[in-house]
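Report on the following structure.
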Amino acid sequence: MAKDVSDPTKKAVERSESFTTVSGVPVERLYTPEHIRDLNYDEDLGDPGKPPYTRGIYPEMYRSRLWTMRQFSGFGTAADTNARFHYLLNHGQTGLSVAFHLPTLMGYDSDHPMSKGEIGKCGVAIDSLADMETLFRGIPLDEISTSMTTNAPAAILWSMYLAVAEQQGVDWKKLRGTIQNDILKEYIAQKTYIFPPKPSMKLIVDTFEFGAQYVPQWNTISISGYHIREAGSTALQELAFTLYDGIEYIDWSRRAGLDIDDFAPRLSFFFNAHNDLFEEIAKYRAARKVWYKVMTERFHSKNPRSAVLRFHTQTAGCSLTAQQPYNNIVRVAIQALAAVLGGTQSLHTNSLDETLALPTEHAARIALRTQQIIAHETGVTNTVDPFAGSYFLERLTLDMEKGCWEYFDRLDALGGMVAAIEKGFPQREIHDASYKYQKAVERKEKIIVGVNEFVMEDEPPIEILLIDESVAGRQIEQLERLRQTRDNGRVRTTLEDLRRAATANNVNMMPGILECVRAYATLGEICDVLREVYGVYEEPAF
Amino acid sequence: MDQKIRVIVAKPGLDGHDRGAKVVARAFRDAGFEVIYTGLRQTPEQIVNAALQEDADVVGLSVLSGAHMTLCPRITELMKKERLDDVLVVVGGIIPDQDIPKLKESGVSAVFQPGASTEDIITYIRQNVRKK
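Residue numbers (our numbering), protein chains in the order written: chain A, 7 to 548; chain B, 84 to 215.
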């Protein structure tokens with residue numbers, strides 16, 4: 007039925023009975039000044055660079071410096087990934103981000119039986135300092151910032167990086183980068199855990215303490231919502247659980263005697279950028295505001311830098327489709343736009359072949375170019391927080407904040423995040439949301455182009471990157487050679503020292519781990535010692 | 084009527100991405116199947132053992148790590164040894180097109196790639212399960 011333009015009281019029939027965000031939050035037909043009557047500019051927004059930082063953490067934002075374009079990459083051997091790093095840097099990438107293969111993330115050497123079939127598949131195989139040396143060959147560590155996605159063995163891989171810096175003659179105080187080091191979201195969502203919560207949290211607090219003292223420009227954690235969202239959470243759950251994880255890390259650090267203003271400025275965050283443009287922008291804006299309030303009101307931080315939330319963003323892998331994969335370029339562009347409009351500090355854009363395999367060089371380049379087009383062609387970087395004042399966006403931002411406080415109350419009542427995880431609370435919330443979303447897709451309440459609508463039969467296949475099994479052979483051969491040529495007496499001594507430190511449980515583990523690493527003890531050997539002392543985590547059934 | 088279809092939902096390999104496995108397991112339960120979810124990082128031996136112990140009609144494997152070409156054929160090989168030839172094996176996850184023929188040759192009945200609906204998987208199982 008066509009809308010009768012002569013009579014404004016008559017409305018066209020709407021396409022749907024209800025309109026919701028991708029997270030299922032109802033959206034009204036129209037937002038007006040009435041919707042933001044409770045908004046106070048100074049209290050709720052503030053100018054960019056001023057509390058509560060809703061509008062951004064710097065006064066000039068991208069007018070002074072663009073975000074860091076940081077493509078997550080890693081595959082095959084260290085030599086393979088080193089070549090990809092050089093390729094990306096030559097094409098204008100401004101930071102590195104290392105993807106490790108699953109055995110490394112799980113603390114197994116490449117010759118462990120559990121590593122069979124996994125070597126070099128999901129990332130680069132790193133067994134020892136020797137591999138880390140190869141990984142950064144020809145890359146001056148004082149000139150680049152590096153992010154390393156590793157959690158359970160983060161302290162070990164960071165120690166390897168610090169040892170490479172020593173070899174290059176680079177002062178640790180000049181090193182810039184991030185270790186993800188966020189075990190809570192592993193228990194909650196991504197499940198790449200090794201040890202139980204208590205020793206895991208101790209290792210993390212140790213890295214905070216060590217970093218504050220010796221590697222002051224390093225982000226010792228990237229508190230991550232990315233994986234929570236990928237596991238199927240809503241935007242609000244992603245935000246609330248991530249920020250509450252931050253609260254939990256601070257609680258544990260303070261109980262260990264650390265001063266909040268010594269380590270809080272090095273806490274960084276990592277969020278997802280999903281398809282719903284306005285909901286995502288609201289999420290990033292609310293994140294800064296809620297964190298400012300948490301730090302100043304809950305923890306009474308004094309250093310202004312402690313209360314500033316800096317974050318990395320990655321576009322949503324789970325939103326991409328194996329069907330008609332070139333459409334993914336468009337999805338990634340819109341998601342990346344949300345991250346930029348939300349004021350991200352660094353960004354990874356996914357490659358169009360994400361749902362099929364690790365990216366080809368061609369696909370990785372298009373992903374990087376997508377960021378460059380947003381940065382240099384669209385004009386969105388010319389002014390700070392351009393959507394501020396939108397009735398809709400401000401309402402979404404206020405609601406996102408309110409939802410956060412409600413989740414925080416529930417998590418406080420459960421006794422904090424570790425206790426909540428042991429009760430399965432965040433895991434259940436996420437699973438329920440992911441199931442609801444799947445059902446909505448199957449009922450076509452949510453349309454995914456190329457999957458449940460606009461489907462094509464007989465699509466031509468696209469070229470993908472294959473990691474062949476010869477990678478495993480080469481990696482295991484290198485590892486065997488290392489075990490034969492290193493000083494095995496020194497390896498044993500450093501590992502025994504580490505075991506004593508772990509058992510004593512009252513010393514910082516970083517110096518001991520560094521000694522093992524410098525002796526070319528392997529990641530698996532170091533993790534074995536820690537597994538023996540700390541035990542391994544088993545997920546509770548719920 | 085006939086007995087409930089018994090399904091093992093298993094995650095071989097090192098990745099912890101259990102969103103798909105858990106959504107599919109829940110959809111199976113809603114469809115009236117008996118579901119046993121093995122949990123993460125199960126070896127081929129553990130999975131086949133579970134299939135034996137639980138007298139499964141179907142083994143559903145979820146792999147997102149890229150290790151499917153090593154792990155899935157190993158599981159079907161062990162199942163043949165244990166004379167579990169009548170158990171239907173289906174695989175889901177990040178499985179590129181070119182791997183599907185080889186997986187089927189090794190004894191996998193069907194592969195469900197990203198975007199597959201739970202309804203399609205359930206229908207496939209109902210039509211192809213060889214109920215004892």
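Glycine residues also receive a C-beta, built at the ideal position from the N, C-alpha and C atoms.
Open item on the list: Can you tell me whether A/Ile250 is helix, strand or coil according to DSSP?
Closed with: Per the sequence presented here, residue 250 of chain A reads as Tyr, with Ile not at that position. Of the three classes helix, strand and coil, the one that applies to A/Tyr250 here is helix, per DSSP.
Task: Cα-Cα separation between A/Ser357 and B/Ala139, rounded to whole angstroms - done: 39 Å
TODO: Check distances from the C-beta atoms of the stretch 187-204 of chain B to those of chain A and list, in chain order, the residues that come in under 7 Å.
DONE: Gln196, Pro197, Gly198, Ser200, Thr201 and Glu202
Task: Complete beta strand (DSSP E) runs within the stretch 155-203 of chain A (minimum length 3 residues, chain order) - done: 182-185
TODO: Could you tell me how far apart the beta carbons of A/Gln361 and A/Ala328 are, in whole angstroms, since I believe they sit closer than 8 Å?
DONE: Going by the sequence as given, residue 361 of chain A is Thr instead of Gln. At roughly 4 Å, the Cβ-Cβ gap stays under 8 Å, so A/Thr361 and A/Ala328 are in contact.
Task: Straight-line gap, A/Ile470 to A/Arg21 (C-alpha atoms, nearest Å) - done: 39 Å
- [ ] On a CA-only basis, which of A/Asp415, A/Leu249, A/Ala527 and A/Asp391 is nearest A/Gly495? Give me that one, please.
- [x] A/Ala527
- [ ] With A/His318 as the anchor, note down where its beta strand (DSSP E) starts and where it stops.
- [x] Phe317 to Thr321
TODO: Decide if A/Arg487 is buried, meaning its Cβ has at least 16 other Cβ atoms within 10 Å, or exposed.
DONE: exposed
TODO: Name the residue from A/Gln351, A/Met462 and A/Val539 whose alpha carbon lies nearest to the alpha carbon of A/Ser228.
DONE: A/Gln351
Open item on the list: So, for A/Thr319: in the same chain, excluding its five sequence neighbours on each side, which residues have a beta-carbon less than 7 Å away from its beta-carbon?
Closed with: Phe277, Ala279, Ala345, Thr350 and Leu353
Task: chain A within 8 Å of B/Ala133, Cβ atoms only - done: no
TODO: At 9 Å on the CB atoms, spell out the chain B contacts of A/His382, in chain order.
DONE: Within chain B, no residue comes near A/His382; the closest Cβ sits about 32 Å away, beyond 9 Å.
Open item on the list: With the cut-off set at 8 Å, would you say A/Met112 and A/Ile200 are in Cβ contact?
Closed with: yes
- [ ] Note down, in chain order, every chain B residue with its Cβ under 9 Å from the Cβ of A/Gln320.
- [x] Within 9 Å Cβ-Cβ: nothing; A/Gln320 doesn't reach chain B, min ~15 Å.
Open item on the list: Please identify, using Cβ separations under 7 Å, the residues of the stretch 440-463 of chain A that lie next to chain B, in order along the chain.
Closed with: Ser440, Tyr441, Gln444, Glu448 and Val457
- [ ] Could you tell me which chain D residues have their CB closer than 7 Å to the CB of B/Ala150, listed as they occur along the chain?
- [x] No chain D is present in this structure, whose protein chains are A and B.
TODO: Would you mind telling me which residues of chain B sit closer than 7 Å to A/His437, beta carbon to beta carbon, in chain order?
DONE: Lys105
- [ ] Rounded to whole angstroms, what's the CA-CA distance from A/Gln444 to A/Met515? Just pull it up for me.
- [x] 43 Å
Task: Length of the line joining the Cα atoms of B/Thr121 and A/Lys127 - done: 23 Å
Task: Outcome for A/Val19 when other beta-carbon atoms lying within 10 angstroms are tallied against a minimum of 16 - done: exposed
Task: Backbone CA spacing between A/Glu544 and A/Asn334 [nearest angstrom] - done: 36 Å
Open item on the list: Cβ closer than 9 Å: which chain B residues qualify as neighbours of A/Gln329?
Closed with: Gln196, Pro197 and Gly198
Open item on the list: Which residue wins for smallest C-alpha separation from B/Asn132, given the options B/Ala93, B/Val191 and B/Asp203?
Closed with: B/Ala93
TODO: Just mark A/Thr389 as buried or exposed, buried being the case when its beta carbon has 16 or more other beta carbons within 10 Å.
DONE: exposed
TODO: Report the residue from A/Asp534, A/His118, A/Gln174 and A/Arg498 whose alpha carbon sits nearest the alpha carbon of A/Gly144.
DONE: A/Gln174
Task: Beta-carbon proximity check, A/Glu192 vs A/Asn225, cutoff 8 Å - done: no
TODO: Rounded to whole angstroms, what's the CA-CA distance from A/Met7 to A/Ser24? Just pull it up for me.
DONE: Low local confidence applies: a pLDDT of 46 at A/Met7 is under 50, so the model's placement there is unreliable, and no value is given.
Task: Extent of the continuous alpha helix (DSSP H) run through B/Val191 - done: Unbroken run through B/Val191: none, as it is neither H nor E.
- [ ] Would you please verify whether the beta carbon of A/Gly80 is less than 8 Å from any beta carbon of chain B?
- [x] no
Task: Any C-beta of chain B under 8 Å from that of A/Lys17 - done: no
Task: Of the residues A/Phe78, A/Val130, A/Leu249 and A/Val176, the one placed nearest A/Ala369, counting alpha carbons only - done: A/Phe78
Task: Segment limits, beta strand (DSSP E) that includes A/Ile229 - done: Ile227 to Ser230
Task: Neighbourhood of B/Glu128 by C-beta distance below 7 Å, restricted to the same chain and skipping five residues each side - done: Leu161
- [ ] Leaving aside the five residues before and after B/Met84 along the sequence, list all residues of the same chain whose C-beta is less than 7 Å from its C-beta, in chain order.
- [x] Caution applies to B/Met84, whose pLDDT of 45 falls short of 50 and renders its modelled position unreliable; the value that the coordinates give is listed next. Hits under 7 Å: none found.
Open item on the list: Closest to B/Met124 by C-alpha separation, out of B/Ala104, B/Ile205 and B/Asp180, would be which residue?
Closed with: Correcting the residue type first, residue 124 of chain B is Arg in the shown sequence and not Met. The candidate whose alpha carbon is nearest that of B/Arg124 is B/Ala104.
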